[in-house]
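>
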Amino acid sequence: MSVRTSGTAATADSSPSGGPARAPSPTTAAAPDILGTGLGLDPDDLPDGLVVADETGRVICFNAAAARITDITPEHALGRPLEHALPLQDIEGRRWWRLTDPYGGLAIRRGQPERNLLLGGREVLVSARYVRTRPTGPVRRLVIALRGTEARRRTELSHAELIATVAHELRSPLTSVKGFTATLLQKWERFTDDQKRLMLETVDADANRVTRLIAELLDISRIDSGRLEVRRQRVDMSAAVRRHVQAQTTAGQRPDRFLIRMLEPLPDLWADPDKVDQVLGNLLENAVRHGEGTVTIEVGPVTDATSTEGTSVTVSDEGPGIPEESMSRVFTRFWRGSKRGGTGLGLYIVKGIVEAHGGTITVGRAPAGGAQFRFSLPVAAPAFMA
1365 MSVRTSGTAA TADSSPSGGP ARAPSPTTAA APDILGTGLG LDPDDLPDGL
1415 VVADETGRVI CFNAAAARIT DITPEHALGR PLEHALPLQD IEGRRWWRLT
1465 DPYGGLAIRR GQPERNLLLG GREVLVSARY VRTRPTGPVR RLVIALRGTE
1515 ARRRTELSHA ELIATVAHEL RSPLTSVKGF TATLLQKWER FTDDQKRLML
1565 ETVDADANRV TRLIAELLDI SRIDSGRLEV RRQRVDMSAA VRRHVQAQTT
1615 AGQRPDRFLI RMLEPLPDLW ADPDKVDQVL GNLLENAVRH GEGTVTIEVG
1665 PVTDATSTEG TSVTVSDEGP GIPEESMSRV FTRFWRGSKR GGTGLGLYIV
1715 KGIVEAHGGT ITVGRAPAGG AQFRFSLPVA APAFMA
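Note that the working numbering numbers the sequence shown so that position 273 is 1637, with each residue one more than the last.
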C-alpha cells in the first residue's frame, strides 16, 4: 500500500532513503506534487509560511510555518476558499483577495510583491506567485509566501537606536559650537586673545567630533550595503603603528605606556592606508580609554598554516578585560565595553573594514588579563592589478 505525503508517494513500510516511512502530512490536501521538486521535500520543512490554492481558489496546502505565523490550523484552512481561509486586509481595511483578484484581471500578471498586510489584527508579510500553464493562460496555482514581521521590527528598532544615538552624540558638540560662536560674535571685544583662542580650540575640537561621527555613519552605510571600497596601496604596517603610538603620546599619554614588538621580516602588504589607519586608531584608542597598564602592539607575519600569507597585528592591554559573556557581542552595533563615552560603532566599523580586505579579526583575553584584539590582512595585490 502507498500513501501520499505532501505530494510525494512513498510506501507504507519504507522511505526512499531506506529508513522508516514518514507519516502523512496534515498540511496538504490530496494533490499532485505541491512543491514540484521531485526531492520528497515536505512543505513543513520550509522556514517560511506556504499556502497554495488550486485553480478554483481553494486551499490545498497550508504548512506548519503558515499555521504558526497566522495562528490558523491547517485543518481549518484546507479545502476552504482562499478568501475565507486567509482573510487578509490591507492597512486601509480592504479585503486583499477581492482587491487584487488573482484569478481575474490582467492575464499577464505574474504575482504580487511582498507587502505588509493585516490578518486578524496581526501584521504579516505576504507575497504571491501566479502559476499558469501558458503565459496568458488561467491561474492554475496561487502560491503564497508568508513571513512574520519580527525581523523587520528588529531592523526598524536598530535604525531607531542608530538615529537616537546619532542625535544624542550630535547634540552636545553642536550645542557647544553654537554657544561659543554666538558668544564670540556678540562679545568679541570683551575677551582676551587667550580666551578667544580657548573658545575657538573648543569649537574646532567639537567640529572634529561631528565630522568623525558623520564619517562613521557613512562607513556603516557602505558596510551594510556592501559598497565599502578598498583602494590598495603599499602599506608599511610597522611605520603605521609607530605613527599612531606617537599620536597618542603627543595627545598626553606617557611614552612608557606603549610597547611595540616587531616580528620581522614582514611580507609586502597591499591595503587601503586610510582604512588601516582607521583600524589601528580605533583599537589603540580603545586600549587607552578602556584598558589599563601597558598597551602592547605586536606586528608580525601570519603564522597560521591554514591562512594565506599576510600580516597580523595584536593590540592588548592590562585592564579588566572583556567579560566572557560579552565577547560574542563586541563587534555588534552599539556595544560599549564601559560607560566612558563613545557611540559603540567603532568596533563594528573595524570588523567591516578588516573583512572588506579579506582579513579576520578576533577578540580574547590578553596574557596580562586585559582585552586582546588581533586582526590579520592578506598580502593581496595592488589596486592597479586587481
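Beta carbons: idealized from backbone N, C-alpha and C, even for Gly.
#1: Relative to the C-alpha of Glu1688, which residue among Ala1735, Ile1624 and Tyr1467 is closest?
#2: Keeping to the same chain, check which residues put their C-beta closer than 7 Å to that of Arg1621; ignore five residues upstream and five downstream.
#3: Please list, in chain order, all residues of the same chain as Val1714 whose beta carbon is under 6 Å from its beta carbon, the five residues on each side excluded.
#4: Ordered along the chain, which non-local residues of its own chain (more than five positions away) have a Cβ less than 8 Å from that of Met1601?
#5: Under 8 Å between the Cβ atoms of Ala1449 and Val1416?
#6: Where do the ends of the beta strand (DSSP E) carrying Met1626 lie?
#7: Since Thr1672 sits in a beta bridge, which residues does DSSP pair it with?
#8: Counting beta carbon pairs with one atom in the stretch 1481–1490 and one in the stretch 1499–1515, are three or more of them shorter than 8 Å?
#9: For Ile1583, which residues from the same chain have a beta carbon less than 6 Å from its beta carbon, with the 5 sequence-adjacent residues on both sides left out?
#10: In whole angstroms, what is the alpha-carbon distance linking Ala1744 and Val1666?
#11: Nearest to Glu1656 by alpha carbon, out of Arg1444, Thr1464, Asp1681 and Arg1498?
#12: Take every Cβ of the stretch 1516–1528, pair it with every Cβ of the stretch 1537–1548, and state whether three or more of those distances are shorter than 8 Å.
#13: Ends of the alpha helix (DSSP H) at Ile1584?
#14: Report the CB separation of Leu1452 from Leu1481 in whole angstroms; it is logged as a contact under 8 Å.
#15: Do Leu1741 and Gly1723 have their CB atoms nearer than 8 Å?
#16: If you count every other CB in all the chains shown that lies within 10 Å of the CB of Leu1506, and 16 or more means buried, which is it?
#17: Leaving out five residues on either side along the sequence, give the residues of the same chain with a beta carbon under 7 Å from the beta carbon of Pro1445.
#18: Measuring only the C-alpha atoms, how far is Gly1728 from Asp1454?
#19: Quick one: is Gln1550 buried, meaning 16 or more other Cβ sit within 10 Å of its Cβ, or exposed?
#20: With DSSP run on the structure shown, which of helix, strand or coil describes Glu1544?
Reading off the structure:
#1: Ala1735
#2: Thr1658 and Val1659
#3: Val1643 and Asn1646
#4: Scanning its chain for C-beta atoms nearer than 8 Å, with the 5 sequence neighbours on each side dropped, one finds around Met1601 the residues Leu1630, Leu1633, Val1640, Val1663, Thr1675 and Val1677, in chain order.
#5: no
#6: Phe1622 to Met1626
#7: DSSP, once it has assigned bridges, lists no residue as partnering Thr1672.
#8: Contact between the stretch 1499–1515 and the stretch 1481–1490 is present, because at least three Cβ pairs lie under 8 Å.
#9: It is worth fixing the name first, because residue 1583 is Asp in this sequence and not Ile. Correct list, in chain order: Ile1713.
#10: 13 Å
#11: Asp1681
#12: no
#13: Asp1557 to Ser1589
#14: Right, their Cβ atoms sit about 5 Å apart.
#15: Pairing Leu1741 with Gly1723 gives a Cβ-Cβ distance under 8 Å.
#16: buried
#17: These residues qualify, in order along the chain: Gly1421 and Arg1422.
#18: One C-alpha to the other measures close to 50 Å.
#19: exposed
#20: Reading off the sequence, residue 1544 comes out as Phe, not Glu. Helix, per DSSP.
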